[in-house]
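Okay, so here's the structure we're looking at.
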């Protein structure tokens, strides 16, 4: 009798917030790999704010997850059976393998990782897509110059913690915006941010006036909404606003609050630019090497929020993102 | 007994739309020029959408007009008396001389113009700030490439008519958005636009889908609001959105409608960038020469809406902009 593969499928598109009936939990037998493929057993699954967008039936940078399809998710799997020449049992592989316990893969989009250098979860965080997003968003899209003032929202998240720390490596003044005193303390006391703003307690615009008195050169936005508007009011001349995400707006895509202060772009001769990290795939290796160097030198600290559980805990763990309950990269580690 | 100088002063800041009590009409004696200055008699006054913003007491790219101050306005004056070595009676001079019949100037910011080459009004339009705005906004900020698809809103206005025609010179496909069938007919029948959308009658997003089927490469925005949102939905990959103005939003600066589709910037890897034309002042002469060449070659047509009257007609003439009653560059010619 073969092992069973527990999976989380998209059952119904949420109208607003994700609800339990968004998902179907299912078990199917684990198949044997055919020629040129391997079977991996999931070790750790990535939870990402972008997942909310993938559930909507609207054109975006990736096609929507289809109803009845295994939920799209990046993960690290351990190869347990292989008919693929490049993957051997025991190999750890990162890829978009879905919210499921086992995967059959032909190796497309799969990358072997060295778990002696970093834990599997780190290949989903600092050395994975969040790290790449921070690196290319800040340095390429944001065109960061040494010594500038950087403000990042969602600063205690997977991307935000990396944005702020990379900006510090580049000699910038860094202000993080996060929710709650614990996250703010983490940013300044542990991660080296120059200052932190608790958007739940502080007047963000007023705090930016104090903490970025010469204006913001690069604003890296993960949240949208009122915080984006506050940052727009405090731009320095020729500022760059990097649009990475808008988690505050994801649960009601039909009623997104546009940035009403966008005319600051004119007054400050500034630009607002979006990007999708996948466009930089041919430079991931170089960026990961540079980030690994900073980690090795103690200049960047890895922050991960590891939830231990089963694939069935995927829905509840995902909700933590939208409630702001994670600090650093949120992953579900299968135990 | 000296001549009297009729002036329009800012009497009270409008809360929303400009009202008659926004202005004070006053007459003061015309003074004699002192050493190093000249007296000019106003020939033609520029009316610009940006004037609404100058009335608000909020930081912008220019200081607000002060209460009791002559309303800021560009104009062409004819020198009638001079103690300035560079300006002789009979010279025509363009500058920011204000909404008044006479001006005393020390020559700062004043440029002599040749009325045998172009009419005074053209130095306020195609060869003036609107022409410069179109030129640098489209070519520098928009980084227009030959053959791209350009969409411009406020297309029948002073800047819009120039944007579309310059884009045609550059071999682009050009779609103009304007209000009413007459303006739309002007764009396509007289100014060479490939297509026009009447935002009062058409579904703008649907029309853009048809008329720019491969998406918009450069969207030049003069209006903001719903039209900006419609354009954001139709961006091509790596599109540039040039923020020049937002006339639909000027009359209620406390309740600006932000572009709720701004996340298209992410999906389309696009940027939205603002600019202020004054930053390009050191290149005005070169741009004006190039535009004059296109006019001389019949490739660009000058569109001007000339209202004849006195300085006292300034307030009513200005309102025409916000009611969309002008076609091309709106000026008040003093008779």
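Protein chains in written order, with the numbering used here: chain A, 7 to 341; chain B, 7 to 341. Just so it is clear, CB atoms sit at the ideal spot from N, CA and C, and this is done for glycine as well. Just so it is clear, the structure is predicted and the values come from calculations on it, not from any experiment.
Could you have a look at residue i and say whether DSSP puts it in helix, strand or coil?
{"i": "residue 118 of chain B", "result": "strand"}
{"i": "residue 279 of chain A", "result": "strand"}
{"i": "residue 27 of chain B", "result": "helix"}
{"i": "residue 169 of chain B", "result": "helix"}
{"i": "residue 94 of chain A", "result": "coil"}
{"i": "residue 33 of chain A", "result": "strand"}
{"i": "residue 201 of chain B", "result": "strand"}
{"i": "residue 87 of chain B", "result": "strand"}
{"i": "residue 4 of chain B", "result": "The structure shown does not extend to residue 4 of chain B, since chain B is modelled only from 7 through 341, so no value can be given for it."}
{"i": "residue 247 of chain A", "result": "strand"}
{"i": "residue 242 of chain A", "result": "strand"}
Quick check on the DSSP output: the alpha helix (DSSP H) that includes residue i runs from which residue to which?
{"i": "residue 106 of chain A", "result": "It is not in any alpha helix (DSSP H) - residue 106 of chain A carries neither H nor E in the DSSP assignment."}
{"i": "residue 253 of chain A", "result": "Where residue 253 of chain A is concerned, there is no enclosing alpha helix (DSSP H), given that its DSSP letter is neither H nor E."}
{"i": "residue 56 of chain B", "result": "56 to 60"}
{"i": "residue 215 of chain A", "result": "210 to 217"}
{"i": "residue 50 of chain A", "result": "Careful: residue 50 of chain A lies outside any alpha helix (DSSP H), inside the beta strand (DSSP E) at 44 to 52."}
{"i": "residue 295 of chain A", "result": "290 to 302"}
{"i": "residue 273 of chain B", "result": "270 to 273"}
{"i": "residue 137 of chain B", "result": "135 to 142"}
What separation, rounded to the nearest whole angstrom, lies between the Cα atoms of residue i and residue j?
{"i": "residue 188 of chain B", "j": "residue 259 of chain B", "result": "30 Å"}
{"i": "residue 246 of chain B", "j": "residue 40 of chain A", "result": "47 Å"}
{"i": "residue 316 of chain A", "j": "residue 152 of chain B", "result": "55 Å"}
{"i": "residue 177 of chain B", "j": "residue 154 of chain B", "result": "8 Å"}
{"i": "residue 102 of chain B", "j": "residue 118 of chain B", "result": "13 Å"}
{"i": "residue 218 of chain B", "j": "residue 290 of chain B", "result": "31 Å"}
{"i": "residue 167 of chain A", "j": "residue 160 of chain A", "result": "8 Å"}
{"i": "residue 308 of chain A", "j": "residue 272 of chain A", "result": "38 Å"}
{"i": "residue 59 of chain B", "j": "residue 269 of chain A", "result": "11 Å"}
{"i": "residue 205 of chain B", "j": "residue 34 of chain A", "result": "54 Å"}
{"i": "residue 326 of chain B", "j": "residue 335 of chain B", "result": "11 Å"}
{"i": "residue 287 of chain B", "j": "residue 91 of chain B", "result": "24 Å"}
{"i": "residue 339 of chain A", "j": "residue 265 of chain A", "result": "37 Å"}
{"i": "residue 274 of chain B", "j": "residue 277 of chain A", "result": "15 Å"}
{"i": "residue 320 of chain B", "j": "residue 261 of chain A", "result": "41 Å"}
{"i": "residue 136 of chain A", "j": "residue 162 of chain A", "result": "12 Å"}
{"i": "residue 190 of chain A", "j": "residue 85 of chain A", "result": "39 Å"}
{"i": "residue 184 of chain A", "j": "residue 228 of chain A", "result": "11 Å"}
{"i": "residue 215 of chain A", "j": "residue 23 of chain A", "result": "33 Å"}
{"i": "residue 337 of chain A", "j": "residue 132 of chain A", "result": "12 Å"}
{"i": "residue 87 of chain B", "j": "residue 306 of chain B", "result": "36 Å"}
Say whether chain B places a C-beta atom closer than 8 Å to the C-beta of residue i.
{"i": "residue 271 of chain A", "result": "yes"}
{"i": "residue 249 of chain A", "result": "yes"}
{"i": "residue 237 of chain A", "result": "no"}
{"i": "residue 275 of chain A", "result": "yes"}
{"i": "residue 290 of chain A", "result": "no"}
{"i": "residue 252 of chain A", "result": "yes"}
{"i": "residue 281 of chain A", "result": "yes"}
{"i": "residue 268 of chain A", "result": "yes"}
At which residues does the beta strand (DSSP E) containing residue i begin and terminate?
{"i": "residue 14 of chain B", "result": "10 to 16"}
{"i": "residue 5 of chain B", "result": "For residue 5 of chain B there is no data in the structure shown, the boundaries of chain B being 7 and 341."}
{"i": "residue 124 of chain B", "result": "That residue, residue 124 of chain B, is in no beta strand (DSSP E); it is neither H nor E in DSSP."}
{"i": "residue 338 of chain B", "result": "335 to 340"}
{"i": "residue 184 of chain A", "result": "179 to 184"}
{"i": "residue 155 of chain A", "result": "155 to 159"}
{"i": "residue 317 of chain B", "result": "Taken as a continuous stretch (DSSP letters only), residue 317 of chain B belongs to no beta strand (DSSP E), as it is neither H nor E."}
Of all the CB atoms in chain A, is at least one closer than 8 Å to the CB of residue i?
{"i": "residue 264 of chain B", "result": "yes"}
{"i": "residue 166 of chain B", "result": "no"}
{"i": "residue 278 of chain B", "result": "yes"}
{"i": "residue 285 of chain B", "result": "yes"}
{"i": "residue 66 of chain B", "result": "yes"}
Short check: CB of residue i to CB of residue j, under 8 Å?
{"i": "residue 175 of chain B", "j": "residue 200 of chain B", "result": "no"}
{"i": "residue 50 of chain A", "j": "residue 99 of chain A", "result": "no"}
{"i": "residue 170 of chain A", "j": "residue 145 of chain A", "result": "no"}
{"i": "residue 312 of chain A", "j": "residue 323 of chain A", "result": "no"}
{"i": "residue 225 of chain B", "j": "residue 333 of chain B", "result": "no"}
{"i": "residue 248 of chain B", "j": "residue 186 of chain B", "result": "no"}
{"i": "residue 47 of chain B", "j": "residue 107 of chain B", "result": "yes"}
Would you say the beta carbon of residue i comes nearer than 7 Å to a heavy atom of the ligand NAD?
{"i": "residue 145 of chain B", "result": "Annotation note on the ligand NAD: not contained in the displayed structure, which lists no ligands."}
Are any of the Cβ atoms in chain D nearer than 8 Å to that of residue i?
{"i": "residue 165 of chain B", "result": "Absent here is chain D; the protein component of the structure consists of chains A and B."}
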